Amino acid sequence: RVKVEELLKEIVDVDGVAHLTLIDPARQMPKDAEKLVSGAVKAGTDGFMVGGSTGVGSTIIDETVLAMRRGIEKHHEEKPIILFPSGVHTLSRHADAVFFMSLLNSRNLDYVIREHIKGAPFIKQSKIESISMGYVIVEPGMTVGRVGEVELIKQDDIETAKGYALAAQYLGMKFFYLEAGSGAPTPVPNKMITAVKKNIDIPLIVGGGIRDAKTAREKAQAGADIIVTGTKLEEEKNLKQALEDIIKAIEE
Ligand code: 1GP
Numbered sequence: 033r034v035k036v037e038e039l040l041k042e043i044v045d046v047d048g049v050a051h052l053t054l055i056d057p058a059r060q061m062p063k064d065a066e067k068l069v070s071g072a073v074k075a076g077t078d079g080f081m082v083g084g085s086t087g088v089g090s091t092i093i094d095e096t097v098l099a100m101r102r103g104i105e106k107h108h109e110e111k112p113i114i115l116f117p118s119g120v121h122t123l124s125r126h127a128d129a130v131f132f133m134s135l136l137n138s139r140n141l142d143y144v145i146r147e148h149i150k151g152a153p154f155i156k157q158s159k160i161e162s163i164s165m166g167y168v169i170v171e172p173g174m175t176v177g178r179v180g181e182v183e184l185i186k187q188d189d190i191e192t193a194k195g196y197a198l199a200a201q202y203l204g205m206k207f208f209y210l211e212a213g214s215g216a217p218t219p220v221p222n223k224m225i226t227a228v229k230k231n232i233d234i235p236l237i238v239g240g241g242i243r244d245a246k247t248a249r250e251k252a253q254a255g256a257d258i259i260v261t262g263t264k265l266e267e268e269k270n271l272k273q274a275l276e277d278i279i280k281a282i283e284e
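The working numbering puts the sequence shown at residues 33 to 284.
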């Protein structure tokens with residue numbers, strides 16, 4: 033079962049760049065998540081990630097995923113819902129896939145491998161697709177940097193970023209994610225994106241602090257294959273309009 037993985041790679045091949053919308057179940061009630069998802073589908077997003085750094089119960093995760101599904105189906109569309117877990121308690125059998133991700137620059141082994149050992153049997157049992165991903169946090173790191181006990185990659189430390197990316201590829205990971213942290217005032221630098229992209233063959237995901245079309249275009253042109261934006265965009269202006277602008281910009 034490699035359906036979602038293949039779909040993402042196909043979108044990148046055909047469109048050049050894919051866009052994923054991140055829903056944090058801690059930020060809103062499930063019925064509001066449904067509205068956000070519906071707006072993002074209309075805006076043309078390619079799929080959804082669900083997760084966040086602050087803990088909520090598994091019931092909220094399940095209800096949020098089910099609400100997201102309703103928000104997608106309303107438009108008779110098929111957009112994948114991919115878990116973006118911070119630990120074993122944020123898994124849901126209602127998702128299509130899970131980014132089976134290791135926080136490679138964490139000092140806490142729980143986020144590198146131990147939570148995975150606890151979560152793996154659940155993934156096998158629930159039959160959701162598992163997509164291996166290397167995840168690293170770049171300055172400023174924000175909440176995920178703090179909660180994840182991360183040894184942050186400095187914004188100008190391109191060699192370290194390249195090393196992590198290549199190590200992820202050699203470990204057999206299918207995607208590599210450069211994260212500046214949700215709400216980051218400065219996203220992952222363009223130079224770092226370009227250097228990392230040139231050095232690896234697996235798709236490069238970039239997120240954290242990308243909140244307007246100009247920045248999104250820059251990151252795509254620098255070499256990001258998949259751009260992730262959260263829904264704090266909603267505070268900037270109308271979420272659907274903001275997303276439409278971003279998606280249009282990265283597809284140009
Ligand atoms: C967080 O990179 C994502 O994991 C999204 O960040 O909320 O800043 O868009 P934003």
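For glycine and all other residues, C-beta sits at the position ideal for the given N, C-alpha and C. All values reported here derive from a predicted model rather than from experimental measurement.
Subject >> CA-to-CA distance, alanine 245 to isoleucine 93, given in whole angstroms >> reply: 30 angstroms
**OP:** Provide the residue span of the beta strand (DSSP E) that contains tyrosine 167, from first to last.
**Re:** 161–169
Original post:
Of the residues Pro117, Lys251, Phe154, which one's Cα is nearest the Cα of aspartate 142?
Top reply: Pro117
Subject >> First and last residue of the uninterrupted beta strand (DSSP E) at glutamate 211 >> reply: 207–211
Original post:
Whose C-beta lies closer than 6 angstroms to the C-beta of serine 138 among residues of the same chain, with five residues either side of it excluded?
Top reply: Val144, Gly180, Glu181, Val182
**OP:** For leucine 52, count neighbouring C-beta atoms within 10 Å of its own C-beta (all shown protein chains included) and say buried if the count is 16 or more, exposed if not.
**Re:** buried
Original post:
Hey, how far is the Cα of glycine 79 from the Cα of glutamate 284?
Top reply: 19 angstroms
**OP:** Note down the Cα distance separating isoleucine 285 from arginine 146, rounded to an integer number of angstroms.
**Re:** No answer is possible for residue 285: the residues shown for the chain start at 33 and end at 284.
Original post:
For arginine 243 versus threonine 263, is the C-beta spacing smaller than 8 angstroms?
Top reply: no
Subject >> Any non-hydrogen atom of the ligand 1GP within 7 angstroms of glycine 9 CB >> reply: Since the first and last residues shown for the chain are 33 and 284, residue 9 lies out of range.
**OP:** Give the straight-line distance between the Cα atoms of arginine 178 and valine 170, rounded to the nearest whole angstrom.
**Re:** 12 angstroms
Original post:
If you drop the 5 nearest sequence neighbours on each side, which residues of the same chain put their C-beta closer than 6 angstroms to that of valine 46?
Top reply: none
Original post:
Along the chain, where does the alpha helix (DSSP H) that runs through valine 179 open and close?
Top reply: 174–179
Subject >> Coil, strand or helix - threonine 192 by DSSP >> reply: helix
Original post:
Is any heavy atom of the ligand 1GP found at a distance shorter than 7 angstroms from the C-beta of serine 138?
Top reply: no
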